[in-house]
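For the record, in the sequence shown the residue sitting at position 50 is 50 according to the working numbering, with numbers rising by one throughout.
Heads up, the beta-carbon is just placed ideally off N, CA and C, and yes, glycines get one too.
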Amino acid sequence: MPHLIVEYASDALTAEQIESLLNVVHTAAAATALFDQSHIRVRAIPVEHYLVGGERKPFLHVRCHIHAGRTPEQKGLLSETVLVAVRDEGLPVAVVTVEVVDMDRSSYAKHSH
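Structure, rendered in structure tokens:
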């Protein structure tokens with residue numbers, strides 16, 4: 001925990017940019033000191049069909065799924081830190097957004113080897 005899911009316009013980024021972006025998002029989340037670095041999970045999902053403001057403008061959206069219980073200030077720190085890090089990459093997208101989503105601990109299940 002947390003799970004950081006990067007959705008991006010499939011035609012906007014190269015494979016190298018995506019790999020770099022995953023590292024940037026991981027590093028940004030770790031920099032908040034809200035999570036054990038070894039527990040941070042980051043993945044990217046390309047979106048082929050999209051519109052932004054009714055037009056086909058490249059976008060990047062990061063959803064940060066975290067266990068419920070963090071303060072609004074902690075959530076704000078996470079979203080702003082990730083936003084700044086991604087924005088500063090200078091990727092060819094029209095808009096970058098970040099969202100923090102609370103996960104109910106009672107409904108989250110996990111199995112690890």
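By Cβ distance below 7 Å, which residues in the same chain neighbour residue i in space, the five residues on each side in sequence not counted?
i   : result
T81 : A28, A31, T32
T97 : H61
Whole angstroms are fine: how far does the CA of residue j sit from the CA of residue i?
i    : j   : result
V47  : L4  : 16 Å
L60  : V6  : 7 Å
V100 : D36 : 17 Å
Y108 : G69 : 14 Å
Start and end of the alpha helix (DSSP H) containing residue i?
i   : result
V82 : 72 to 87
With DSSP run on the structure shown, which of helix, strand or coil describes residue i?
i   : result
E16 : helix
R41 : strand
A94 : coil
A33 : coil
H3  : strand
Can you say whether residue i is buried or exposed, counting buried as having 16 or more other CB atoms within 10 angstroms of its CB?
i   : result
I40 : buried
What are the boundary residues of the beta strand (DSSP E) that includes residue i?
i   : result
H67 : 59 to 67
Ignore the nearest five residues each way along the sequence and tell me which others in residue i's own chain have a CB closer than 6 Å to its CB.
i    : result
M103 : H65, H67
K75  : V100
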